[in-house]
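> Let me give you the structure first, and then I'll get to my questions.
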Amino acid sequence: MSEALLVCIMDALAKPFDPSEIKWKPKTIRGDKALMLPYVDARVVMDRLDEVMTIGGWHDTYKELTSEAGSVECTLSLFINGQWISKSNVGSLSEQPDDGDKLKAAYSDALKRAAVNWGIGRYLYRCAPQWVAFDPAKKVPVGHPKLVIPPRNRKALSGGAMLPDSPICQEQSERLSKVIRQLAEAVDVKPGVIWRKLLAKLNLGAEVTMSQLTVQQYQHACKIVLDELVLLETPTHVPVIAQERGDAFEPPQGNAAPFALEPPARG
21 MSEALLVCIM
31 DALAKPFDPS
41 EIKWKPKTIR
51 GDKALMLPYV
61 DARVVMDRLD
71 EVMTIGGWHD
81 TYKELTSEAG
91 SVECTLSLFI
101 NGQWISKSNV
111 GSLSEQPDDG
121 DKLKAAYSDA
131 LKRAAVNWGI
141 GRYLYRCAPQ
151 WVAFDPAKKV
161 PVGHPKLVIP
171 PRNRKALSGG
181 AMLPDSPICQ
191 EQSERLSKVI
201 RQLAEAVDVK
211 PGVIWRKLLA
221 KLNLGAEVTM
231 SQLTVQQYQH
241 ACKIVLDELV
251 LLETPTHVPV
261 IAQERGDAFE
271 PPQGNAAPFA
281 LEPPARG
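So, in structure tokens, the structure goes:
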């Protein structure tokens with residue numbers, strides 16, 4: 021697997037979740053106000069792992085820790101570059117009255133925390149908590165909190181953790197340039213040819229420079245190049261990379277590639 025594919029997998033894992041999948045929990049309650057923190061359900065994390073790694077590309081194991089009563093350790097393993105790589109983290113019991121529910125919550129918490137080690141949902145930790153009106157009797161917020169990422173925290177190693185309409189950073193521009201060069205070399209054309217085709221796919225004018233791309237356009241461009249590289253590198257096994265919801269670009273069908281480019285003939 022090339023470095024370009026690894027980078028795209030990292031970006032796909034770290035991509036922000038659909039706003040409808042974000043939930044909120046109170047960290048501090050003061051009368052009719054609560055300081056709310058965003059989080060996602062463990063099933064949403066599993067869906068992301070299935071989308072990016074396929075159902076056979078990841079597995080999780082658990083161990084109840086006797087040294088920390090009620091704590092559960094999750095080891096989350098991903099199959100990358102021909103080998104299993106594992107990262108672990110620990111979840112704790114919830115405050116639910118039922119002991120079984122408490123333990124199930126610890127397992128879910130452990131999975132989510134282990135997933136954060138892989139970049140999944142890590143951007144949520146950069147989101148500023150916020151005070152909102154709160155119903156202490158029902159223990160629920162009044163209205164729906166708005167997810168806010170402070171400007172100083174919007175830049176992240178992964179493009180997927182930045183706001184869709186933000187301009188890309190230099191690191192992202194360098195990444196896209198690198199994968200464009202790799203694709204150009206693979207199909208024996210000049211990088212400028214690939215760039216012009218990308219601009220056409222993105223419905224952008226020929227005068228647009230790479231530094232002018234938004235994060236969303238960058239993600240789409242990476243996806244298009246990734247589809248092409250996957251077909252060239254592993255034509256019989258195409259891994260499923262997380263797609264943008266409502267993506268305007270169709271994934272490649274069969275042996276058809278987004279650019280309809282062919283690798284050079286081998287003598």
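Read in order, the letters of the sequence shown correspond to residues 21 to 287 in our numbering.
Backbone N, C-alpha and C fix where the C-beta goes; we use that ideal spot for every residue, glycine too.
Being a predicted model, the structure only gives us computed values, none of them experimental.
Kindly indicate which three-state DSSP category P211 falls into: helix, strand or coil?
Residue state, collapsed to three classes: helix.
> Quick check: what's the CA-CA separation for G139 versus L33?
When rounded, the distance between both Cα atoms is 6 Å.
> Below 8 Å on the Cβ atoms is my guess for A241 versus L233; work out the distance and round it to an integer in Å.
Confirmed, Cβ separation roughly 7 Å.
> On the CB-based measure, 16 or more other CB atoms within 10 Å of its CB, does Y145 come out buried or exposed?
The residue is exposed, with fewer than 16 neighbouring Cβ atoms inside 10 Å.
> May I have the straight-line CA-CA distance separating V136 from Q202, to the nearest angstrom?
Roughly 30 Å separates the two Cα atoms.
> Under the DSSP definition of a beta bridge, which residues are partnered with W104?
Note: W104 sits in a beta bridge opposite F99.
> Quick check: the region 71 to 84 against the region 143 to 163, are there 3 or more CB pairs under 8 Å?
No, the region 71 to 84 does not touch the region 143 to 163.
> Determine the closest residue to S91 out of N109, W78 and W104, with distance taken between C-alpha atoms.
Checking every option, the nearest Cα to that of S91 belongs to N109.
> Which of helix, strand or coil does DSSP assign to C28?
Note: C28 maps to helix in three-state DSSP.
> Which residue's Cα is closest to the Cα of V235: V213, Q192 and K198?
It is Q192.
> Suppose the cutoff is 7 Å on Cβ atoms and the five residues either side in sequence are ignored; what does the same chain contact list for P299 look like?
Absent from the structure is residue 299, since the part of the chain shown begins at 21 and ends at 287.
> Please report how far the alpha carbon of A130 lies from the alpha carbon of G51, in whole angstroms.
Going by the C-alpha atoms only, they are around 31 Å apart.
> Count the other CB atoms, across all protein chains shown, that sit within 10 Å of the CB of G141; report buried if there are 16 or more and exposed otherwise.
That one is buried.
> What is the rounded straight-line gap between the Cα of C28 and the Cα of R68?
Answer to the nearest angstrom: the Cα atoms are 14 Å apart.
> Taking all protein chains shown into account, do 16 or more other C-beta atoms lie within 10 angstroms of the C-beta of Q190, making it buried, or fewer, making it exposed?
When all chains shown are included, Q190 counts as exposed.
> Mind checking which residues open and close the beta strand (DSSP E) that includes R68?
First-last for R68: A62 to M73, but that is the alpha helix (DSSP H), not the beta strand (DSSP E).
> Rounded to whole angstroms, what is the Cα-Cα separation between A157 and P58?
In a straight line, the C-alpha of A157 is about 21 Å away from that of P58.
> For I200, is the classification buried or exposed, using 16 other Cβ atoms within 10 angstroms of its Cβ as the cut-off for buried?
It counts as buried.
> Taking the CB atoms as reference points, tell me whether L167 and I42 lie closer together than 8 Å.
Contact: yes.
> Please give the ranges of any alpha helix (DSSP H) in the region 220 to 256, keeping only runs that are unbroken, at least 4 residues long and fully inside the region.
Taking only runs of at least 4 residues, the alpha helix (DSSP H) segments lying wholly in the region 220 to 256 are 235 to 253.
> Apply the 10 Å Cβ neighbour rule to V65 and answer buried if 16 or more other Cβ atoms are within range, or exposed otherwise.
V65 is buried by the Cβ-count criterion.
> Assuming A134 contacts T81 under a Cβ cut-off of 8 Å, what Cβ separation, rounded to an integer in Å, is found between them?
Going by Cβ atoms, the distance from A134 to T81 rounds to 10 Å, so no, they are not a contact pair.
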